[in-house]
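Participant: Questions regarding the structure given below will be posed in turn.
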Amino acid sequence: MATAGGYGVPKTASRFFNADAQRGEIKEFKDELNNPNKDKKKEALKKVIQSMTTGSDVSSLFPDVVNCMQTQALDLKKLVYLYVINYAKAQPDLAILAIHSFRKDANDQ
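Heads up: the sequence shown runs through residues 20 to 128, numbered per my numbering.
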């Protein structure tokens, strides 16, 4: 029987635990992205993008990330754009959902 990490845990069980850990991480990201503190949002976006670049699927955070665009902080907007551009290639349906936010952002003075 194949084991994960030499601890006698079957590989199928380790995938189950990894999925649970990822769901917990997504929940944590979601909570941080919805925090009213700008600095906490920025750190959360950095963590999301880091996870995204390491291959984790963080597409379920799309609405939360797009909501972060409603700010005057240019650094936050850049992080949101980076996230959206990445998922626009792979999942164009998600990118279409962000068009309203982009148009509103472009019209803000």
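The beta carbon of each residue, even a glycine, is placed where N, CA and C say it ideally should be.
With a CB to CB cut of under 7 Å and the five nearest residues on each side skipped, what residues in its chain are close to M158?
Facilitator: Residue 158 falls outside the range modelled here, since the chain spans only 20 to 128, and no answer is possible.
Participant: Quick one: grab the DSSP three-state call for N126.
Facilitator: For the purposes of this step, residue 126 is identified with residue 107 of the sequence shown, where counting begins at 1. Helix at N126.
Participant: From the DSSP output, in three-state form, read off T72 for me.
Facilitator: Residue mapping note: residue 72 aligns to position 53 of the sequence shown, counting from 1. Looking at T72 - three-state DSSP - the assignment turns out to be helix.
Participant: Can you tell me where the alpha helix (DSSP H) holding L116 begins and where it ends?
Facilitator: In the sequence shown, residue 116 corresponds to position 97, counting from 1. Unbroken alpha helix (DSSP H) run through L116: P111 to L116.
Participant: Go through its chain and collect everything with a Cβ distance to I115's Cβ below 7 Å, but skip five positions before and after it.
Facilitator: To locate residue 115, count along the sequence shown from 1; it is residue 96. Here the set comprises nothing.
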